[in-house]
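Notes to accompany the following structure.
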Amino acid sequence: MKKIIAAAVLAVLIAAGVFYLSGKRGNGNENVEFSGTVEVTDVVLSFKTSGRLVEVGYKEGDTVPAGAVAARLDDADQKLAVKTAEANVAVSEAALQELLAGSRRQEIQNAEAAVDMANAALMRSKDDMEQARADRARFEYLYQNSGLSKYDFEQIDTKYNKSVSTVKEAEGAVKSAKEKLSLALEGTRSETIKKAYAALELAKSQLMTAKQNLEYTALTSPITGRVLTRAAEPGEFVQTGSAIMNVADLNDSWVRGYIGEKVLGRVHLGDVVEIRSDSYPDKVFKGRVSFIADEAEFTPKSVQTPEERVNFMYRIKVVLDNEGQMLKTGMPVDGTIVLSR
Numbered sequence: 001m002k003k004i005i006a007a008a009v010l011a012v013l014i015a016a017g018v019f020y021l022s023g024k025r026g027n028g029n030e031n032v033e034f035s036g037t038v039e040v041t042d043v044v045l046s047f048k049t050s051g052r053l054v055e056v057g058y059k060e061g062d063t064v065p066a067g068a069v070a071a072r073l074d075d076a077d078q079k080l081a082v083k084t085a086e087a088n089v090a091v092s093e094a095a096l097q098e099l100l101a102g103s104r105r106q107e108i109q110n111a112e113a114a115v116d117m118a119n120a121a122l123m124r125s126k127d128d129m130e131q132a133r134a135d136r137a138r139f140e141y142l143y144q145n146s147g148l149s150k151y152d153f154e155q156i157d158t159k160y161n162k163s164v165s166t167v168k169e170a171e172g173a174v175k176s177a178k179e180k181l182s183l184a185l186e187g188t189r190s191e192t193i194k195k196a197y198a199a200l201e202l203a204k205s206q207l208m209t210a211k212q213n214l215e216y217t218a219l220t221s222p223i224t225g226r227v228l229t230r231a232a233e234p235g236e237f238v239q240t241g242s243a244i245m246n247v248a249d250l251n252d253s254w255v256r257g258y259i260g261e262k263v264l265g266r267v268h269l270g271d272v273v274e275i276r277s278d279s280y281p282d283k284v285f286k287g288r289v290s291f292i293a294d295e296a297e298f299t300p301k302s303v304q305t306p307e308e309r310v311n312f313m314y315r316i317k318v319v320l321d322n323e324g325q326m327l328k329t330g331m332p333v334d335g336t337i338v339l340s341r
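The numbers in the UniProt record's numbering rise by one with no breaks, and the one at position 198 of the sequence shown is 198.
In structure tokens form, the structure reads like this:
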């Protein structure tokens, strides 16, 4: 009888086990377990120029506010360059204003004087022409009545023709002088003024560059965070791009983990994740899946059979509600992706 009872109990247990395994394999909603490490957003602070480090305002463990000056370089040369550039801008502005104001008045006065001189010369040439015309008319009568030789009349006629040409030249000179005066009144010397404007713009550009180089001697933090490492000390000569300190935003923390190919299709963006750490065995941190890689990150060199595909691992990112910044950078944790049922 005991053997029969034992056999019956064993049969029930086997049946129950088969039922349990069958349900686990058939249910696609089991939670997904994974392990990972805590990471945070961190930035390496470095200068955009080289120079002698004169100040480092924060040490490891300090909190740096966003926009705060974390370190400074010796800026004596940069300040001198700014002053020189400001002086060049002032000189260029003065030169341009002189062209637009004082020099133009003088140019107008000169042009007006040239017009007056040309008009006076024209009047004299016209008087000379009228006198030469009267002489020609008088001596022409004598020549026609044999009272004057042909040679003498030709000399008088040539003088008259020259006076006519002189009047035409004088009229041309008046016209040219008036055109120059008109250009002066309209604000001429466009090429000279353009060059002056260009010189001013160049001086302003050089001033902007000098100010920017001065700004580069102050190193500011783009985020509010904690100094993880401090890599340089005052007195050192640092090169462009060399690390001064590493600042981490501990409020922006997440877990980097990996899941296998078999469960990849069951995990979705936004899934709730429970995070546990050996450092806080009774504490459960909440998070959500924010990233799932499109490609496996470590796999066999060649995949020959379906069984080998189980080795595909895909990176996931879980954003954390890291209250009190309890979870630290690099801390190993275990995660449970809670799948909806």
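Just so you know, even glycine gets a beta-carbon here, dropped at the ideal spot from N, CA and C.
Because the structure is a prediction, the values reported are computed rather than measured.
- Leucine 250: member of the beta strand (DSSP E) spanning 243 to 260, first to last residue.
- Our two residues, valine 54 and valine 44, have alpha carbons roughly 19 Å apart in a direct line.
- Contact fails between the stretch 68 to 82 and the stretch 264 to 272, because fewer than three Cβ pairs, one in each stretch, are under 8 Å apart.
- Sequence-distant Cβ neighbours of leucine 320 in its own chain, meaning closer than 7 Å and more than five residues away, are Ser253, Trp254, Val255, Ile275, Phe285, Gly287, Leu327.
- DSSP places threonine 209 inside the alpha helix (DSSP H), whose first and last residues are 190 to 215.
- Per DSSP, glutamate 297 lies in no beta strand (DSSP E) and is assigned neither H nor E.
- Residue pairing from DSSP places arginine 72 in a beta bridge opposite Glu55, Ala218.
- Residue pairing for glycine 287: DSSP places it in a beta bridge opposite Val273, Leu320.
- Counting the other CB atoms within 10 Å of its CB gives glutamate 215 a total below 16, which places it among the exposed residues.
- Beta-carbon to beta-carbon, valine 56 and leucine 207 are separated by about 29 Å, too far to satisfy the 8 Å threshold.
- Burial state of methionine 129 is buried, judged by a 10 Å Cβ sphere holding 16 or more other Cβ atoms.
- Pairing aspartate 42 with alanine 248 gives a Cβ-Cβ distance under 8 Å.
- Between alanine 81 and alanine 218, the beta carbon gap of about 15 Å keeps them out of contact (Cβ cut-off 8 Å).
- Leucine 183 places its beta carbon 8 Å or farther from that of glutamate 112.
- Within a 10 Å sphere around the beta-carbon of alanine 94 sit fewer than 16 other beta-carbons, which makes this residue exposed.
- Secondary-structure assignment with DSSP links glycine 36 through a beta bridge to Gly257, Val333.
- Residue environment analysis places alanine 203 among the buried positions, since at least 16 neighbouring C-beta atoms fall within 10 angstroms of its C-beta.
- Of the candidates Ile292, Ile259, Ser205, Ser205 places its Cα closest to the Cα of alanine 87.
- Cβ atoms of threonine 220 and alanine 70 come within 8 Å of each other, at about 7 Å.
- Taking a cut-off of 8 Å for Cβ pairs, the stretch 121 to 128 and the stretch 165 to 180 touch, as three or more such pairs fall below it.
- Valine 40 counts as buried, since no fewer than 16 other beta carbons sit within 10 angstroms of its beta carbon.
- Straight-line measurement puts the Cα of valine 289 at about 18 Å from the Cα of glutamate 297.
- The beta carbons of glycine 260 and valine 318 sit about 16 Å from each other, so the pair does not count as a contact at 8 Å.
- Just so you know, the alpha carbons of glycine 61 and valine 91 end up roughly 50 Å apart.
- Nearest in C-alpha terms to glycine 51, of all of Ile292, Pro234, Thr63, is Pro234.
- Assigned with DSSP and collapsed to three states, serine 176 falls in helix.
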